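Protein chains in written order, with my numbering: chain B, 3 to 474; chain V, 26 to 342; chain Z, -19 to 202.
One structure is given below, encoded as structure tokens.
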Amino acid sequence: MDATLLSTIVLLGGFFVLMFVKVPVTFALLISTLCSAFISGTNFTVMVRMMIDGVNNFTLLAIPFFILMGEIMSAGKVSDKIIDLANLVVGRFKGGLAYVNCVDSMFFGGISGSAVADVSSLGSVVVPLMVKQGYSPEFSVGLTVVTSCQGVLIPPSHNMVIYALAAGGGISIARMFIGGAIPGIFLGLSLLLYCFLFRNHYRFPEGMRIGKGDSVRWLKFSNTMDKKWRYTKKAETFLIISTPLFTLEMGKCIQILLNAILPMMTIVIIMGGVATGVFTATESAAIACLYTFILTYFIFRTARLRDFGHILKNTLKTLAIVLTLIATAKAFSYMMTDLRIPDLITRTLVSITDNKYVLLLIINVLLLVLGCFMDMAPLIMIMTPILLPIVTNEVIGMNPIHFGIMLIFNLAVGLCTPPVGSALFVGCAVGKTSIEKTSKAMLGMFVVMLACLMIITYIPAFSLFLPSILGI
Amino acid sequence: APEAAAVKPVVLKLSEVHAEGYPTSLADHEFARLVEEKTQGRVKIEVYTGGTLYGQETASIEALQIGDLAFARVSASPVASYVPALNAIQMPYLYNNGAHMWAVLNGEVGQKMLSDIEASKSGLIGLCYYDAGSRSFYLTKPVNRVADMKGLKIRMQNNQMMVRMVELLGATGVTGIGPNDVYSAITQGVIDGAENNWPTYQNMGDYEAAKYYILDQHTRVPEILLGSVEALKKVSKEDLAIIKQVAKETQEFEISEWAKKEASSEQIVRAAGTTVISLSPEAFAEFQSKMAPLYQEFGSAYTDTINKIKEIGKQFK
Amino acid sequence: MRETKSPYSSKVRSYLVSNHLIVDVADHKGLHLIPELLRTLNHWTHKLILYIAQVALALMVVLVILTVVLRYVFNTGIGWAEEVPRLLVTLFAFLACAIGVRDHMHISVNILYNSCKEGSWVRKALVIFTDVCILLCGLFLLVYGWQYTKRLMSLPGTLPMTGWPTFIQYIPAPLAGFVMTFDSLLFLTGILDREELLYSEKEVDYTKIVKQQHENVSEGRS
Ligand code: NA
Ligand code: NA
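Laid out in structure tokens, this is it:
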């Protein structure tokens, strides 16, 4: 067998086998790369070079900063404030909490770039409330998980930075950020519409109308609360914060608004800075860190100084995963380039069909399947160098920004699907539901997501309209 | 000869950060083609464009040093950390025009620097120079004299000398804005403009945001095709000589491709209604005269070389 | 010679003991002293790299904010403000990799592992195989990272802004390689307990929780 073919098989096959036997993705990438390099006679020191090259990048600094920002926010317990605001906006309608669940992720998306963070911080408050009001636990968890995907699309999102890096630096992070806003909000609104259309099918309970009588009803409701109820503590905090809502005090409403808007100002800092070119993505992320630090430590005072060690540790933990992956994926993709694998895949795909729409469908199915088994960051790092040349060549002629949004949307769906879906797992653990039952309850929502995915894939305007009118 | 064909060719890699179709990429392919032809297939060069092999030029230089890469096309500016004399040819407002620069580079001064690269024990071989044109300002306001530059905020590369240059002209150099974000920074009024060569000005679409191209041609930093001492040990002395010879032959090819590229970019930019301002000789002299402190600060170590370059310039008024 | 023990020094001592940063010679005699020494050395190594990583992270934020302030308030910049954070993020990334190995933070696909019974030989084999793979990665970074650094050391070349030699960019690789090799060797020999974590609380195993719930539900039905 010729050495190139053998090392191609070792590179790709070795990677999947190693991953299947529980070797961490990072090291599965590195070992298959080294084995393949050994066969093809490539010097090992090149791989050291490539790993360093992957992380020795100023833009990459945005990732630790965005993650640090998110950690500071969650230490400052911002999620309660976000839910209050969502409740103020849509809580009063029939099925109010279902809408709150859709809207809170839209707001939270502007703060966090992580679906898992969304599920664990918002979900642990909203799910118990929904269950108590009479929503089925599976539906509540499912909706929380699916809506959380907005977090990775609505800016800021460190996954977009990873994509821009994986694409080789020719892509403006500002454009990626702004491009993700409409698809993210579109997903949220579609789910909102889905809840609205099926409000009678699911027999949604009445919402909490803001009025004098309602406050009484709400208090009554809280008094009859089952003492064995598992989430009493969190629900109580929620009640304490949200009681003013139902007494319709203008002052309190404004307070809720302010409390939620201050954290959401980070998106203004980041997007304002990045879109106008005042700051680079990295700089805006650093400034957002400073802002959230001041917010939680001096304005809200919801975090204590000794929490800071915890914040740093949590940041370190996420980064250990993400940054190392970037380093080893770089070595892996060097080996792929060296073996001309992207060319091979392009030629194979184009030989199957030269129909643009069919090709895009194949790519979507491929990504969805891979997304069911693997996490987002490694897939972005591995698939971008392979797929970007395919979609940007003359047959498909896709804009790299549009492709990036499509890729991230696809992989976000993977976060909610079994067998491996980190958002789904965390959601089921938070809501104490089984994965099988929850997935069944989510079928309708999956249909909504896939429909959104198709629209975003085939209508570039969804991703490109905003960047173009803002002139960036 | 049949025996020659039976010998397995030495396969060498060339790294290029520019995209396929860019003048330097075309020259790389031409270089690869000629080497294969002239060595009768003994040496085969694989060209990797678009930074697929090494994303940054500095990275590819280090790879050359170690011998992991055989060739790289890079800008002269990072090579200056190995051969400091190369800083001399990058000074602003040094050349009167392109012909002046080529007289320097192909003359004694430039060829000495090229051989200095190999003599520097850096593990690099300087093969030839390629054209990268000249960089000029593009702004939202017209500039005809130095006085017009006052108070302008101009995006510069993160390079102390270049920032100092605009400061001496009365403007402010803004660093930290990536090339992809220059357009929005101009439209949002964060900066009044930036500086680059014709193809980049056109390619990035920046001409839609900054409508005045001030043809001051402040710097002309050439590209260099580098080889690796370590990796080229794999080829015979005769083939190495052929490679060196062929590299020099591709220079003219690249210069003409560059001229074509520049002309087509210029045409697109002009057709879009951009005002191109050519500086009067007096104005150019005024820009030049402002650089005295900068030459003191950054050029004092290479005064001899700079004087030689200026001497040559007398023929290119 | 008897020391007079101040309450302060005993506090320090108890901190060191509880964090496994001191070897209690009395408790570990003879051959048992060697693993204990290695364990203590490992803890010191990780204490050190954790501090370096945290300082690097804080420095990166400060430097980047400083650049923005200098640019918009004082209209100047610092030339090395891009180069130094880049060196720091490289250092940080590689240290984080080593930290991730120590506390098993790196993501892996657990489908096969979870489908096997707890305590089964397949699970044990998978864990050992993973450790061997990590050991190989550590050795690779240590040996080839050091080779690369050494070769660059012998060649001229400086970073454009700071003027520092180019080889310093590569030091994080052998450094992380050393710590990873050290850790995985101690895991493989059983000197370090896999369950004992340094940086984090034990990761919540959501799959396990969900599985448990599922079992409870089906038990309830039958
Ligand atoms: Na939600
Ligand atoms: Na986000």
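Glycine residues also receive a C-beta, built at the ideal position from the N, C-alpha and C atoms.
In this text, all values refer to a predicted model and were calculated from it rather than measured experimentally.
Same chain only: Cβ atoms within 8 Å of residue i, ignoring 5 sequence neighbours per side
i: Leu63 of chain B; result: Thr284, Ala287 and Ala288
i: Gln90 of chain V; result: Ser147, Gly148, Leu149, Ser253 and Glu255
i: Asp55 of chain B; result: Lys332
i: Ile173 of chain B; result: Tyr165, Ala166, Pro402, Ile403 and Gly406
i: Ala119 of chain B; result: Gly72, Ser76 and Gly153
i: Phe109 of chain B; result: Ile84, Leu87, Ala88, Ala262 and Met266
First and last residue of the uninterrupted alpha helix (DSSP H) at residue i
i: Val104 of chain V; result: Ala101 to Val104
i: Ser95 of chain Z; result: Ile91 to Ser95
i: Glu82 of chain V; result: Glu82 to Ile91
i: Ala248 of chain Z; result: This structure leaves residue 248 of chain Z out entirely; chain Z is present only between -19 and 202.
i: Lys69 of chain V; result: Lys69 of chain V -> not in any alpha helix (DSSP H); beta strand (DSSP E) instead, spanning Val68 to Tyr73.
i: Tyr238 of chain V; result: Careful: Tyr238 of chain V lies outside any alpha helix (DSSP H), inside the beta strand (DSSP E) at Tyr237 to Thr244.
i: Glu322 of chain V; result: Ala317 to Gly324
i: Leu361 of chain B; result: Lys358 to Phe375
i: Glu16 of chain Z; result: Leu13 to Val53
i: Ala119 of chain B; result: Ala117 to Gln135
Endpoints, beta strand (DSSP E) assigned at residue i
i: Ala61 of chain Z; result: No beta strand (DSSP E) holds Ala61 of chain Z; DSSP gives it neither H nor E.
i: Arg177 of chain B; result: Segment Ile175 to Leu199 is the alpha helix (DSSP H) holding Arg177 of chain B; no beta strand (DSSP E) there.
i: Glu23 of chain V; result: Any question about residue 23 of chain V goes unanswered here, given that chain V covers just 26 to 342.
i: His54 of chain V; result: Taken as a continuous stretch (DSSP letters only), His54 of chain V belongs to no beta strand (DSSP E), being part of the alpha helix (DSSP H) at Pro48 to Lys63.
i: Glu396 of chain B; result: No beta strand (DSSP E) holds Glu396 of chain B; DSSP gives it neither H nor E.
i: Glu336 of chain V; result: From DSSP, Glu336 of chain V is part of no beta strand (DSSP E) but of the alpha helix (DSSP H) over Thr328 to Gly338.
i: Asn103 of chain B; result: No beta strand (DSSP E) holds Asn103 of chain B; the alpha helix (DSSP H) holding it covers Gly98 to Gly111.
i: Ile5 of chain V; result: Any question about residue 5 of chain V goes unanswered here, given that chain V covers just 26 to 342.
Own chain, CB closer than 6 Å to residue i, minus 5 neighbours either side, in chain order
i: Pro265 of chain Z; result: Past the edges of chain Z, shown from -19 to 202, lies residue 265 of chain Z, and the structure says nothing about it.
i: His86 of chain Z; result: Gly80
i: Thr330 of chain B; result: Thr28, Leu31 and Leu32
i: Leu155 of chain B; result: Gly182, Pro185 and Gly186
Contact set for residue i: own chain, Cβ-Cβ below 7 Å, skip 5 residues either direction
i: Ser9 of chain B; result: Ser38, Ile41, Ser42 and Leu341
i: Gln321 of chain V; result: none
Contact belief for residue i with residue j at Cβ below 8 Å, rounded distance in angstroms
i: Ser165 of chain B; j: Leu409 of chain B; result: As written in the sequence, residue 165 of chain B is Tyr, which differs from the Ser given in the question. Right, the Cβ-Cβ distance comes to about 7 Å (below 8 Å), so this counts as a contact.
i: Glu248 of chain V; j: Ala157 of chain V; result: 5 Å
i: Ala38 of chain Z; j: Ala76 of chain Z; result: Not a contact, Cβ separation roughly 14 Å.
i: Ala183 of chain B; j: Pro157 of chain B; result: 6 Å
i: Phe180 of chain B; j: Met273 of chain B; result: Per the sequence presented here, residue 180 of chain B reads as Ile, with Phe not at that position. About 7 Å separates the two Cβ atoms, so the contact holds.
i: Leu417 of chain B; j: Ala5 of chain B; result: Not quite, the Cβ-Cβ distance comes to about 38 Å (not below 8 Å), so this is no contact.
i: Arg295 of chain V; j: Tyr120 of chain V; result: Not quite, the Cβ-Cβ distance comes to about 24 Å (not below 8 Å), so this is no contact.
i: Ser164 of chain Z; j: Asp83 of chain Z; result: 13 Å between Cβ atoms; not a contact.
i: Asn412 of chain B; j: Asn357 of chain B; result: The Cβ separation is near 20 Å, so there is no contact.
i: Leu70 of chain B; j: Met451 of chain B; result: Not quite, the Cβ-Cβ distance comes to about 30 Å (not below 8 Å), so this is no contact.
Under 9 Å by beta carbon: chain A residues contacting residue i
i: Ile173 of chain B; result: Among the protein chains in the structure shown, which are B, V and Z, there is no chain A.
Exercise. Along the region 104 to 130 of chain Z, what residues have a CB closer than 8 Å to any CB found in chain V?
Worked result: Tyr128
Problem set entry | chain B contacts made by the region 210 to 224 of chain V, where a contact means CB separation under 9 Å | Ala210, Ile211, Thr212, Gln213, Gly214, Val215 and Ile216
Problem set entry | Uninterrupted beta strand (DSSP E) stretches inside the region 139 to 201 of chain V (no shorter than 3 residues) | Correct list: 149 to 155, 160 to 164, 178 to 180 and 197 to 199.
For this session: Mind listing, in chain order, the continuous alpha helix (DSSP H) runs of no fewer than 4 residues lying wholly within the region 416 to 464 of chain B?
Result: 424 to 433, 437 to 443 and 445 to 460
Exercise. For the region 69 to 100 of chain V, which residues have a CB atom closer than 7 Å to at least one CB atom of chain Z, in sequence order?
Worked result: Cβ contacts with chain Z come from Glu87, Gln90 and Ile91.
Exercise. What are the complete alpha helix (DSSP H) segments, minimum 4 residues, inside the region 49 to 88 of chain B?
Worked result: 64 to 77
Problem set entry | 4-residue-minimum alpha helix (DSSP H) runs that sit fully inside the region 144 to 173 of chain B, ordered along the chain | 152 to 155 and 160 to 168
Exercise. Quick one: complete alpha helix (DSSP H) runs, 4+ long, within the region 258 to 314 of chain V?
Worked result: 262 to 296 and 306 to 314
For this session: Return the residues of the region 157 to 179 of chain V that lie within a Cβ-Cβ distance of less than 8 Å from chain Z, sorted by chain order.
Result: Taking 8 Å as the Cβ-Cβ cut-off, the region 157 to 179 of chain V has no residue approaching chain Z.
Problem set entry | Entirely enclosed alpha helix (DSSP H) segments - the region 279 to 354 of chain B, minimum 4 residues | Within the region 279 to 354 of chain B, the runs of alpha helix (DSSP H) that reach at least 4 residues and sit entirely inside it are, in chain order, 283 to 296, 309 to 340 and 343 to 354.
Exercise. Taking Cβ-Cβ distances below 8 Å as the criterion, which residues of the region 57 to 83 of chain B are in contact with chain Z?
Worked result: Residues passing the 8 Å Cβ filter: Val57, Asn58, Asn59, Phe60, Leu62, Leu63, Pro66, Phe67 and Leu70.
Exercise. Between the region 68 to 79 of chain Z and chain V, which residues of the former have CB atoms less than 8 Å from a CB of the latter, in chain order?
Worked result: none
For this session: Please name the residues in the region 365 to 383 of chain B whose beta-carbon is closer than 8 Å to at least one beta-carbon of chain Z, in chain order.
Result: Phe375, Met376, Asp377 and Pro380
Exercise. For the region 38 to 49 of chain B, which residues have a CB atom closer than 9 Å to at least one CB atom of chain V, in sequence order?
Worked result: Thr44, Asn45, Thr47 and Val48
For this session: Return the residues of the region 244 to 267 of chain V that lie within a Cβ-Cβ distance of less than 8 Å from chain Z, sorted by chain order.
Result: none
Exercise. Mind listing which residues of the region 265 to 299 of chain B have their C-beta closer than 9 Å to chain V's C-betas, in chain order?
Worked result: Val276, Ala277, Thr278, Gly279, Val280, Phe281, Thr282, Ala283, Thr284 and Glu285
Problem set entry | Near-chain Z residues of the region 324 to 347 of chain B (beta-carbon distance less than 7 Å), N- to C-terminal order | Leu325, Thr326 and Ala329
Exercise. When you check each C-beta in the region 134 to 153 of chain Z against every C-beta of chain V, which residues fall closer than 7 Å?
Worked result: Leu135, Pro136, Gly137, Thr138, Pro140 and Thr146
For this session: Starting from the N-terminal side, write out each stretch of the alpha helix (DSSP H) that is 4 residues or longer and does not extend beyond the region 106 to 158 of chain Z.
Result: none
Problem set entry | Members of the region 20 to 35 of chain B that neighbour chain Z once the beta carbon cut-off is set at 9 Å | Taking a C-beta cut-off of 9 Å against chain Z, the contacting residues of the region 20 to 35 of chain B are Leu20, Met21, Phe22, Val23, Lys24, Val25, Pro26, Val27, Thr28, Phe29, Ala30, Leu32 and Ile33, listed in chain order.
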